[in-house]
Amino acid sequence: MWIGGVTLVNNSQDCFNDKNLMGEYLVGKDTIVLCDDNIEQSRQSMGRVLRHEYIHYIYDRDQRQTPILGENNLNKFVREMDSSEVMFVLISEDEDSVNEEFEARILSDLPSVLLFFLDAFLMIFH
Ligand SMILES: [Zn+2]
């Protein structure tokens, strides 16, 4: 399957090896892996996982160094996040990708239609 320049792959070996993995974006390959079986097992939302990984794709495609929402807005949203989730991101991501991971978590809550418009806006104005 193919959406907006991204190839979707289902249930890779990584998914099989790590049951906690819901999905991943393969940097430089324009490919999103969705771990269907793991998502189903953990009762997560497939759409949310897809939107999360799509934010990673946007970062890679646009070679983004700054948050899509802007530094100040991103900080406001992070302050509203669950503190254990914030800690998890801070310890599991390296410094360069902390903002990207926060933003992927925050923007994955957007309805898909808004993400679509955001993506179109970024492609036109970046
Ligand atoms: Zn992520």
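The sequence shown begins at 42 in my numbering and counts up one residue at a time.
From the three backbone atoms N, C-alpha and C, an ideal C-beta is built for every residue, glycine too.
If you're wondering where the values come from, they're calculated on a predicted model, not measured in any experiment.
- Residue pairing for E65: DSSP places it in a beta bridge opposite V74.
- Taking 7 Å as the cut-off, the Cβ atoms of I80 and L49 do not count as close.
- Secondary structure remark: continuous alpha helix (DSSP H) runs of at least 4 residues inside the segment 76–120, in chain order: 77–82 and 87–102.
- Boundaries of the beta strand (DSSP E) harbouring L49: V47 to N51, taken from the DSSP string.
- With a threshold of 6 Å, the Cβ atom of E142 counts as near ligand 1, since some heavy atom of the ligand is closer than that.
- Judged by DSSP in its simplified three-state form, E134 adopts coil rather than helix or strand.
- Taking the Cβ of A145 as the reference point, at least one heavy atom of ligand 1 falls within a distance shorter than 6 Å.
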